[in-house]
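Only one structure is covered here, and it is reproduced in the block below.
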Amino acid sequence: NRQHFLGHITLLGLKEPVMPWCSDGASEAEIGGSLEITLSHWADACHAQGGTVVIPHLPNPNGEPAALIATGRADAVEMLRQEPYPHLEYYRYLNGGYRLPLVGGTDKMSSDVPVGIYRTYVRIPRDQPFSYEAWCRHMAAGRTFLSGGPILRFTVDGCEIGDTLRLSGPGTVEAEAWAESIMPIHTLQIVQEGRVVASTEEAKGARTLHVRAKLSVAKHTWLAARCGGPGYFDGPEHHDGWHRRRFAHTSPIYVAVGGDWWMWNDATARYVLTLVDGSLQYIRARSTQYAPGAAHHHHGEDDHQAFLERPFHEARAAIHRRMHQLGLAH
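Letter by letter, the sequence shown follows residues 7 to 336 of my numbering.
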């Protein structure tokens, strides 16, 4: 489902379509169309069917995805291209304390893009049924890595991708990552809060790479593994129109130190609040809407403006609620 400003959303596991598929006029919906619905309403309708909500090509269009994440409506996020910008956005939310599984997707918009150029791999435990429902369930649990070719495995003190490793206090953990690819890969890295803390590199390229490191952990944190070309961000490209590179990236393993896992980042909170305010201003000042009473809206509420604004006020309240729970001034 798509909108040109507030964003796109992927709804998995639906029993019936969530309508309308598009809204808010060109270039996603009909020319001259009005803003009829929010991504949050689409997400709620998907969850009501037991479905799974994914934010595609994080973060763009960068309108409502922030509200979806802040209110817990997003079950996973997709990284479409191996560039610093989407990595920065993904790490920003993780550092802000949002547990977000990472997935990949083809986004096949033209014939030059092969289906499966980017994929989502999900680990389903052996005692679970091998089914689409189980795949979606464990994807939402964070047992994933996205891949443009390579296969990744990653553990921290024996914990698998998506797990939470619980420590009674500060200490040292052993992180280990393996990468294998039919196409040469050059770099395998372990990242902590977005910083590379361990890596190995093969200048000529290799089919397999392995890295293991003991890491000091003083507070709640997250760790992930990623592999790619030289220096990670460089390297060979696929032959699609977007020139997407061959890489892979895991969802995090979370490390909780002395209690339940949480993280907070003031800059992330300010960033999300800025995006929320920007979306509210768009709804109020720029979006096309029918005059009150001139149309019957599908939601059946008398105040369409309040319906559109509600998820953004919920996002703002969720952030302030977290600050209150953490004893932070707000």
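Yeah, the Cβ is synthetic: ideal placement off N, Cα and C, and Gly gets one too. In this text the structure is predicted, and so the values were computed from the model without any measurement.
Check whether residue i and residue j have beta carbons under 8 Å apart
{"i": "Ser29", "j": "Gly39", "result": "yes"}
{"i": "Trp248", "j": "Arg87", "result": "yes"}
{"i": "Val60", "j": "Leu18", "result": "yes"}
{"i": "Arg129", "j": "His144", "result": "yes"}
{"i": "Gly31", "j": "Pro67", "result": "no"}
{"i": "Gly110", "j": "Met85", "result": "yes"}
{"i": "Thr193", "j": "Tyr138", "result": "no"}
{"i": "Arg79", "j": "Ala51", "result": "no"}
Of the residues the options, the one placed nearest residue i, counting alpha carbons only
{"i": "Pro242", "options": "Gly155, Asp169, Pro131, Ile75", "result": "Gly155"}
{"i": "Ala183", "options": "Asp81, Gly177, Ala209, His216", "result": "His216"}
{"i": "Ala73", "options": "Ala254, Arg322, His326, Ala32", "result": "Arg322"}
{"i": "Arg149", "options": "Ile167, Gln287, Asp81, Thr227", "result": "Ile167"}
{"i": "Cys233", "options": "Thr58, Glu207, Pro92, Arg132", "result": "Glu207"}
{"i": "Pro65", "options": "Glu22, Gln287, Ile15, Val162", "result": "Ile15"}
{"i": "Leu286", "options": "Tyr91, Gln134, Glu36, Leu41", "result": "Leu41"}
{"i": "Trp228", "options": "Arg252, Ala300, Cys165, Gln55", "result": "Cys165"}
{"i": "Tyr288", "options": "Glu307, Ala297, Glu315, Lys114", "result": "Glu315"}
{"i": "Trp270", "options": "His326, Glu180, Ile157", "result": "His326"}
Coarse secondary structure for residue i, derived from DSSP in three states
{"i": "Ser117", "result": "coil"}
{"i": "Val261", "result": "strand"}
{"i": "Leu64", "result": "coil"}
{"i": "Gln55", "result": "coil"}
{"i": "Ala301", "result": "coil"}
{"i": "Gly154", "result": "coil"}
{"i": "Ser285", "result": "helix"}
{"i": "Val278", "result": "helix"}
Buried or exposed (CB count within 10 angstroms, at least 16 for buried), residue i
{"i": "His245", "result": "exposed"}
{"i": "Asp283", "result": "exposed"}
{"i": "Tyr91", "result": "exposed"}
{"i": "Glu307", "result": "exposed"}
{"i": "Thr274", "result": "buried"}
{"i": "Asp240", "result": "exposed"}
{"i": "Asp113", "result": "buried"}
Heavy atom of the ligand ATP within 7 Å of residue i beta-carbon
{"i": "Thr170", "result": "Questions concerning the ligand ATP fall outside what the structure shown contains, since it holds no ligand whatsoever."}
Determine contact between the region 214-229 and the region 171-182, defined as no fewer than three beta-carbon pairs at a distance below 8 Å.
Short answer: they touch.
Validate contact between the region 277-292 and the region 185-193 using beta carbons, cut 8 Å, 3 pairs
Under the 8 Å Cβ criterion, the region 277-292 does not count as touching the region 185-193, having fewer than three qualifying pairs.
Looking at C-beta atoms only, is the number of pairs between the region 103-120 and the region 254-269 that lie closer than 8 Å three or more?
As far as the Cβ criterion goes, the region 103-120 touches the region 254-269, which means the pair count is three or higher.
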